[in-house]
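K.L.:
2 protein chains.
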Amino acid sequence: MAIPVKLALETVVMTPEGSRRKDEALAVEIPYKVMLNDNEIGASMVLPTGLEEFGPGFLFGQGYIASPGQVVEVWVCPEGKISVYADVPEDSAPKEVIITSGCGGTGKISKDMLEGAFKPLDEATITFPEVREFILEVLNRSKLGQETHCVHGCGFWADGKLKAFFEDVGRHNAVDKIIGAILLGRFSPAGAIYTTGRLTSDMVLKCARIGIPIVMSRTAPSSLGLAIARKAGVTLAAYARPDRLNVFNRPDRIAG
Amino acid sequence: MAIPVKLALETVVMTPEGSRRKDEALAVEIPYKVMLNDNEIGASMVLPTGLEEFGPGFLFGQGYIASPGQVVEVWVCPEGKISVYADVPEDSAPKEVIITSGCGGTGKISKDMLEGAFKPLDEATITFPEVREFILEVLNRSKLGQETHCVHGCGFWADGKLKAFFEDVGRHNAVDKIIGAILLGRFSPAGAIYTTGRLTSDMVLKCARIGIPIVMSRTAPSSLGLAIARKAGVTLAAYARPDRLNVFNRPDRIAG
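Pasting the structure below:
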């Protein structure tokens, strides 16, 4: 069941002065079907790691699963299928959907999610020594990102330590894997998520919906990403570095 | 009809030593509905520029429009709707779809597109002096990207000049705008496209389908992006810089 996550190959580096051979590593991107209670919900392109987490996280992002406790069982078939069994109503599919702009494509969010009310968030704070350790640990673990330049990394921090880390060809998918781990009961959402990807609407939305109070990114939010953070009361920290956060909303959860 | 593409706001830069105010610019991300012959096909998050091009490009990416000449008319309603009228069969919707992993989310591609045969490409070559001018012009025009760090830029080069340039919160959307311009008959696909985003499967697939022979990116391809380039005979140049291309497929279209 060891599915490779990278391919080695030889490329040609061309310059005005001439050409030379170069070894490169490519991130593996393959389609996986996601099933819910034996019904095919969709197929998604993924980096084949953290697939047990990806299945429920994807279904949460698409609006089929709403909360931890609903997921009963996940089976990953290496031939390209993730089967999630969950205690959800048969008509749990979202009605009106919006295709998302973001980097990583769970692909769509529902209008209800975007316009509905948010549940109160579990509270959490993070200190600067923790921010430093969190970011350095995520970046240090992002080996595939460093080698292939084609994956995003995403980590989750709570109780003074890194609870999870995932990579994916899509920034969305990496967040979905974290959310899947929460849905599988591995840890509570009361903590901080850090992604190397941009915080467009759908990224912030799914974090707010699962109840993560602190959302951090190496890079920028979009206007709608920030609007959702404000509406949901999420702390949004962009351009996150070990010793610097550019806080766009709710700085009170960042402790000195 | 001047829809703003950025928002100015004040954020808090926090460090272990203290906080200070900072002005930031945010890229505007808003949902637009895309209609085909008065039927709603979907809604997508976009940067509100190049919407006339985005409409047909989006419908092409989703498999509803197949070629230039089919598009009859496009109406953009600033309240959030792009109405495309096109000469397509009523059942032009793709059957089995795969949700994409990529950064920018037109969201889905059809299984047929991925597994089907590709039409022969119109031929084109690009020289290094052209590569230099092309990339520098795109990067120079990517003002919003420089200000907001939340948009991707994409340009198209043929006949020795830059034919089009677009930005979007999604790397896919920016490519869709270029493809839309081709569908609107503004220029032939026989040229080179350069994107600041990664070349995952769907990015390469839509370029190959519309017939663009040279696909260049500032960053990396994924394994499946390369596999599609090989199958379609597309030149794939990654890590593109003014004086350097790392060519993963068909280097013969790059002239010294």
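Residue numbers (the numbering used here), protein chains in the order written: chain V, 137 to 392; chain E, 137 to 392.
We treat Cβ as the ideally placed atom computed from N, Cα and C, and that holds for glycine.
Predicted model, so just to flag it, every value in this text is computed and none were measured.
CA-CA distance, V:Glu188 and V:Val207?
P.N.:
Cα to Cα, V:Glu188 sits roughly 11 Å from V:Val207.
K.L.:
Looking only at its chain, what residues have a beta carbon closer than 6 Å to the beta carbon of V:Lys158, apart from the 5 residues adjacent to it on each side?
P.N.:
Same-chain partners within the cutoff: Thr147, Val149.
K.L.:
Closest to E:Ser353 by CA distance: which of E:Thr332, E:Ala365, E:Arg322, E:Pro140 is it?
P.N.:
E:Ser353 has its Cα closest to that of E:Thr332, out of E:Thr332, E:Ala365, E:Arg322, E:Pro140.
K.L.:
With which residues is E:Arg157 paired in a DSSP beta bridge?
P.N.:
According to DSSP, E:Arg157 bridges with E:Val148.
K.L.:
Consider the Cβ of V:Arg389: report whether some Cβ of chain E lies at a distance smaller than 8 Å.
P.N.:
Taking Cβ atoms only, chain E never reaches closer than 8 Å to V:Arg389, which makes this a no.
K.L.:
In its own chain, which residues sit with a C-beta less than 7 Å from the C-beta of V:Glu259, not counting the 5 before and 5 after it?
P.N.:
Closer than 7 Å at Cβ, skipping near neighbours: Ala326, Pro349.
K.L.:
Just the chain V side, please: which residues come within less than 8 Å of E:Glu188 by C-beta, in chain order?
P.N.:
Simply none; closest approach about 18 Å.
K.L.:
Under the three-state reduction of DSSP, which class applies to V:Lys255: helix, strand or coil?
P.N.:
Coil at V:Lys255, not helix or strand.
K.L.:
State the Cα-Cα distance for the pair V:Leu298 and V:Phe270, rounded to the nearest angstrom.
P.N.:
Taking the straight line joining both Cα atoms gives about 6 Å.
K.L.:
Quick check on V:Lys342: buried or exposed, where buried means 16 or more other Cβ atoms within 10 Å of its Cβ?
P.N.:
V:Lys342 should be labelled buried.
K.L.:
So, helix, strand or coil for E:Gly89, using DSSP?
P.N.:
The displayed coordinates of chain E run from 137 to 392. Any statement about residue 89 of chain E would go beyond what the structure contains.
K.L.:
So within the region 326-374 of chain V, which uninterrupted beta strand (DSSP E) runs reach at least 3 residues, ignoring any that extend past its ends?
P.N.:
Whole beta strand (DSSP E) segments, 3+ residues: 328-331, 350-353.
K.L.:
Here's the rule: buried if 16 or more other CB atoms are within 10 angstroms of the residue's CB, otherwise exposed. What is V:Thr263?
P.N.:
The residue is exposed, with fewer than 16 neighbouring Cβ atoms inside 10 Å.
K.L.:
Bridge partners of E:Lys217, per DSSP?
P.N.:
BP columns for E:Lys217 point to E:Lys169, E:Cys213.
K.L.:
Determine the direct distance from the alpha carbon of E:Asn175 to that of V:Ser228, and round the result to whole angstroms.
P.N.:
Distance between the alpha carbons of V:Ser228 and E:Asn175 is about 25 Å.
K.L.:
Going by DSSP, which residues form a beta bridge with E:Ala391?
P.N.:
Its beta-bridge partners are E:Thr263.
K.L.:
Would you say E:Met150 reaches chain V, if we count a Cβ-Cβ gap shorter than 8 Å as a contact?
P.N.:
Yes, E:Met150 lies at the interface with chain V (some Cβ there is under 8 Å from its Cβ).
K.L.:
Where does E:Cys213 land, buried or exposed, given buried means 16+ other C-beta within 10 angstroms?
P.N.:
Counting Cβ neighbours within 10 Å, E:Cys213 comes out exposed, since fewer than 16 surround it.
K.L.:
When DSSP builds the beta bridges, which residues end up paired with V:Met249?
P.N.:
In the DSSP output, where bridge partners are listed per residue, V:Met249 has none listed.
K.L.:
In chain order, what residues of the same chain lie with their CB nearer than 6 Å to the CB of V:Gly361, ignoring the 5 residues before and after it?
P.N.:
Only Leu335, Thr336, Ser337, Val340 meet the Cβ criterion.
K.L.:
On a Cα-Cα basis, can you pick out the residue from E:Ile329, E:Asp295, E:Leu319, E:Thr261 that is closest to E:Phe301?
P.N.:
Ranking E:Ile329, E:Asp295, E:Leu319, E:Thr261 by Cα distance to E:Phe301 puts E:Ile329 first.
K.L.:
So, using beta-carbon positions, are V:Leu172 and V:Tyr200 closer together than 8 Å?
P.N.:
Yes, Cβ-Cβ distance for V:Leu172 and V:Tyr200 is below 8 Å.
K.L.:
In this structure, does DSSP put V:Leu187 in helix, strand or coil?
P.N.:
Note: V:Leu187 maps to helix in three-state DSSP.
K.L.:
Answer yes if the region 245-253 of chain V comes into contact with the region 280-298 of chain V, meaning at least three C-beta pairs across the two stretches below 8 Å, and no otherwise.
P.N.:
Result no; under three Cβ-Cβ pairs closer than 8 Å.
K.L.:
Per DSSP, what kind of secondary structure is V:Gly240 in: helix, strand or coil?
P.N.:
Here the model assigns V:Gly240 a pLDDT of 35, short of 50, so the residue's position is not dependable and the matter cannot be decided.
K.L.:
Using 8 Å for Cβ pairs, my map puts E:Pro204 next to E:Ile314. What's the rounded Cβ distance?
P.N.:
The pair is not a contact, with the Cβ atoms about 13 Å apart (cut-off 8 Å).
K.L.:
Give the residues of chain V in contact with E:Arg380, contact being defined as C-beta atoms less than 8 Å apart.
P.N.:
Under the 8 Å cutoff, chain V gives Val149, Met150, Thr151.
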